[in-house]
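> Here it is, the structure, as structure tokens.
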Amino acid sequence: MHELISRYIADTIRHLKPAERMEVEKELKANIQDMLSENPSEEEVAQTLLSMGSPSSLAAKYRGSEQYLIGPATYDTYIMVLKIVALVVSLVTMVFTTLSFFFSPSGLSIFEMIAKLLASIFSAASGAFLWVTITFAILDRYQVKTDLKEWNLTELRNLEEIATREIKKKDSIADLVGLSLFFLFLGFMYMRNDLLGLNLHTSQGAYPLFVAEVVRPYSWVDADNHHRILCCHV
Amino acid sequence: MDSRELLINFVTELNRGTLTLCVLSQLTNPQYGYSLLQILSEKNIDLEANTLYPMLRRLESQGVLESSWNTSENRPRKFYQLTEEGKAIYAALTNKWKEQQSHIEALLGEESHA
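Going down the list, the sequences are from chains A and B. My numbering puts the first residue of the first sequence at 11, with every later residue one more than the last. My numbering puts the first residue of the second sequence at 42, with every later residue one more than the last.
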């Protein structure tokens, strides 16, 4: 058989499920040979293959369904989660990076600080994007259809509920702000744990409420190390 | 998208279901891919090879067609034929087509006389 045909068929079945490949290969081979004359010229083979379209488009027709990383059914939820995660991650990163400037003065100019801040936010947001996308791609691939039950009119929200839903959106923004403040507080206590303590009126003085050393190995904002690295560069 | 492209899209959509009906109509007797393509093209049904071959396979997986390899000739060929279920579906689909055609005919006729 002509080599071009073999290559065309190989390139087509490559896109199919392994179980289907053998059969489609055999069938395509027979069909394409039927379309050609007994001893086809190079030109004839080329024309016939061109008329069949690209291997990937032919394979798509064999599969019968389009392939998606994140399909239309999941897309809306994906975008919603992506927005929330990107917002939270960016806020938290912003807070932590800003804090690290205050607690470990590094001699950076204000422009360098802003550049560094933007760079950290960008890198954190990229990470968030990556992981949300991977999670949804996996969900989408192995998804059992979630809304099997038939849609009914009772599922329509009445207009009042839609209004409260808007307030809920404001609530969630308040949540985000609250969460950021909490992380700010946490970061603050992590770096200056001597500022808040418990005074038991004993001779030993105040017990610190937060012990930074305990969390330090797990922390990604290690102010001391950070500072040292920057000093080396100067 | 210019209007010619738009028209092509509409024609593709219009053909999608009817081509299946055309293919089913010719499979009371077994046919292989290329012979079917020739029969249809003789009868002015414009169906591309790259549409027909995957369609046959899909119809088989749906249980409408059954296939068997004929290896007695010098070249092995896969012959497709309607199953019992396929015959019933083809008959029902034909009735549906005729019914729908008369309705649409009436609509279009109305339009041209208006």
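Cβ atoms here follow ideal geometry from the backbone N, Cα and C, with glycine treated the same way.
(1) Counting along the chain, where does the alpha helix (DSSP H) carrying Trp141/A start and finish?
(2) For the stretch 48–82 of chain B, which residues have a beta carbon sitting closer than 9 Å to at least one beta carbon of chain A?
(3) Checking contacts by CB at 7 Å: is Arg45/B closer than that to chain A?
(4) Measuring straight from C-alpha to C-alpha, what distance separates Leu149/B and Lys139/B?
(5) Checking the sheet assignment: what are the DSSP bridge partners for Trp110/B?
(6) Using a 10 Å radius around the Cβ and a threshold of 16 neighbouring Cβ atoms, would you call Ser110/A buried or exposed?
(7) So, is the C-beta of Asn41/A closer than 7 Å to a C-beta in chain B?
(8) For Ser82/B and Leu88/B, what's the separation of their Cα atoms in angstroms?
(9) Leaving out the 5 sequence neighbours to the left and right, which residues in its chain are closer than 7 Å to Ser100/A when beta-carbon positions are compared?
(10) Give the DSSP-derived three-state secondary structure of Tyr78/A in the structure shown.
(11) Closer than 7 Å, CB to CB, is Glu76/A near chain B or not?
(12) If you count every other CB in all the chains shown that lies within 10 Å of the CB of Lys27/A, and 16 or more means buried, which is it?
(13) Within 10 angstroms of the Cβ of Lys20/B, are there 16 or more other Cβ atoms? Answer buried if so, exposed if not.
(14) Is Gln67/B helix, strand or coil by DSSP?
(15) Please classify Pro82/A as buried or exposed, where buried requires at least 16 other C-beta atoms within 10 Å of its C-beta.
(16) In whole angstroms, what is the alpha-carbon distance linking Asp150/A and Leu92/A?
(17) Which residues of chain B have a Cβ atom closer than 9 Å to the Cβ of Ser61/A, listed in chain order?
(18) From the DSSP secondary-structure annotation, give me the bridge partner or partners of Tyr73/B.
(19) Could you name the residues of chain B that Tyr72/A contacts, counting a contact when the two beta carbons are closer than 9 Å?
(20) Is it buried or exposed, Val52/B, if we count other Cβ atoms within 10 angstroms and call 16 or more buried?
(21) Quick one: list the residues of chain B neighbouring Asp44/A, beta-carbon separation under 9 Å, in chain order.
(22) Using beta-carbon positions only, say whether Ile89/A and Phe146/A come within less than 7 Å of one another.
(23) Which residues in the same chain as Thr92/B place their Cβ atom closer than 8 Å to its Cβ, once the five residues preceding and following it in sequence are excluded?
(24) If contacts are defined as beta-carbon pairs under 8 Å, then Gly98/B and Ala40/A qualify, I think. What distance do you get, rounded to the angstrom?
(25) Pop quiz: Tyr94/B and Leu106/B are said to be a contact at Cβ under 8 Å. What is the actual Cβ separation, rounded to whole angstroms?
(26) According to DSSP, is His144/B helix, strand or coil?
(27) With a threshold of 8 Å on Cβ separation, who are the neighbours of Leu245/A within its own chain once the five nearest residues in sequence on each side are excluded?
(28) Classify Lys137/B: buried if its beta carbon has 16 or more other beta carbons within 10 angstroms, exposed otherwise.
(29) What ranges does the alpha helix (DSSP H) occupy inside the stretch 41–81 of chain A, keeping only unbroken runs of at least 4 residues that lie completely in it?
(30) Between Val105/B and chain A, is any beta-carbon pair separated by less than 7 Å?
(31) Give me, in chain order, the residues of the same chain whose beta-carbon lies closer than 6 Å to that of His12/A; leave out the 5 immediate sequence neighbours on both sides.
(32) Put Trp138/B into one of helix, strand or coil per three-state DSSP.
(33) Would you kindly check if the distance between the Cβ of Tyr75/B and the Cβ of Met45/A is under 7 Å?
(34) Shorter than 7 Å from the beta carbon of Leu68/A to some beta carbon of chain B?
(35) For the candidate residues Leu68/B, Leu77/B and Glu46/B, whose alpha-carbon lies nearest to that of Glu126/B?
Let's see:
(1) Ile120 to Arg151
(2) Tyr73, Gly74, Tyr75, Ser76 and Leu78
(3) no
(4) 15 Å
(5) Lys119/B
(6) buried
(7) yes
(8) 7 Å
(9) Ile131, Ala134 and Ala135
(10) coil
(11) no
(12) exposed
(13) Only positions 42 to 155 of chain B appear in the structure, and residue 20/B is not among them; the question remains open.
(14) coil
(15) exposed
(16) 15 Å
(17) Glu89, Ala90 and Asn91
(18) Phe120/B
(19) Tyr94, Pro95, Arg98 and Arg99
(20) exposed
(21) Tyr73, Gly74, Tyr75, Ser76, Leu78, Arg116 and Arg118
(22) no
(23) Leu60
(24) The sequence given here places Arg at residue 98/B; Gly does not occur at that position. Actually they are not in contact, since the Cβ atoms of Arg98/B and Ala40/A sit about 13 Å apart, beyond 8 Å.
(25) Not a contact, Cβ separation roughly 12 Å.
(26) helix
(27) Only positions 11 to 244 of chain A appear in this structure, which leaves residue 245/A out of reach.
(28) exposed
(29) 52–61 and 65–73
(30) no
(31) Val55
(32) helix
(33) yes
(34) yes
(35) Leu68/B
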